[in-house]
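Numbering (the working numbering), first residue to last: 14 to 232. A virtual CB, placed ideally from N, CA and C, is assigned to each residue, including glycine. What follows is a short report on a single structure.
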Amino acid sequence: MTQMPPPTPDLFGNTAPPGIAGLHYETEFLSVAEELDLIEHVRAMALQPALYKGYTARRKVLSFGGRFDYDDNVLRPAATLPCELHPLRSKVARWLQVQDDALVHALVAEYAPGTPLGWHRDVPDFETIAGVSLGGAAQLRLRPYPPTPASNRHALRLDAAPRSAYVMQGEARWAWQHCVMPTEVMRWSITFRTRRTLAPTGERVGIHVANLASDRRSS
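Right, here's the structure in full:
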């Protein structure tokens, strides 16, 4: 894969802390028309509350190309990507300079107002992560992994605007955790992932129930 261009100086908005290697962000990745079309398709999907080892999250999700089972820490089969999302996958693939079929997994997520997502790294079965924001803005925070008592003091902020896209690979993917702060308005995200080339056997899943306490409700 061709190396992507480095982050722009204003990657993290006005605070402009040093960039994280492997983290790239693009505003207005989608047109308004593309965003509205995708929101219409997502609203028609049967999203369900995410489940994490007995906890039911407020975030609703639907996986394509694989569904991670957090009870057994294995990837289960899931439906193939619907044709309505093929144009978006192609656009993300062009941005990443990979073939469409390299994006083997997609996760559609709905964040109702007030919904957070706790600190985590994505599951080890996948490598590059590319997310697209729809509807509302999101504030992502990133901290070095593994976390330490000082990690939160070193957390960086990325404001993901509607219609924007970000990608995490390399250091940003494996050496940092990220979370999503509680949303102010209804928001959706569509996240694509490439298959990890190295076997993830024996690696702990980077998402922990304790870190998701704010993103759950009684099951």
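Across the set R156, D50, A59 and P126, the C-alpha of R156 shows the shortest separation from the C-alpha of C192. Look at S44 here: in three-state DSSP terms it is coil, with no helix or strand label.
In this structure L120 is not in contact with S177, their Cβ atoms being roughly 17 Å apart against a cut-off of 8 Å.
It is roughly 43 Å from the alpha-carbon of C96 to the alpha-carbon of T161. Exposure of L211 is indicated by the presence of fewer than 16 other C-beta atoms within 10 angstroms of its C-beta. C-alpha of W201 to C-alpha of G144: approximately 10 Å in a straight line. Here D82 is bridged, per DSSP, to V87. According to DSSP, A151 shares a beta bridge with A173. Judged by DSSP in its simplified three-state form, L116 adopts strand. Only residues of its own chain outside the window of five on either side were considered, and among them Y38, G144, S146, A150, A151, Q152, L153 and Y179 have a CB closer than 8 Å to the CB of A173, listed in chain order. Short of 6 Å from the beta carbon of R206, and not among the five residues preceding or following it, lie these beta carbons of its own chain, in chain order: H118, F139 and I142.
Excluding residues up to 5 positions away in sequence, G183, E184 and A185 lie with their Cβ nearer than 8 Å to the Cβ of A34 in the same chain.
The DSSP-derived three-state label of K66 is coil. In this structure, the straight-line span from the alpha carbon of A115 to that of A106 is close to 8 Å.
Between M199 and P126 a beta carbon distance of about 6 Å is seen, short of the 8 Å cut, so the two are scored as contacting. Across the structure, K104 and M58 are spaced so that their CA atoms are roughly 21 Å apart.
For I203, the CB contacts under 6 Å within the same chain, skipping 5 residues up- and downstream, are V121 and V145 in chain order. Under DSSP, M181 forms a beta bridge with L36 and I142.
Shown here, E97 sits in a helix according to DSSP, grouped into three states.
Note that the C-beta distance between P137 and R89 is not below 8 Å.
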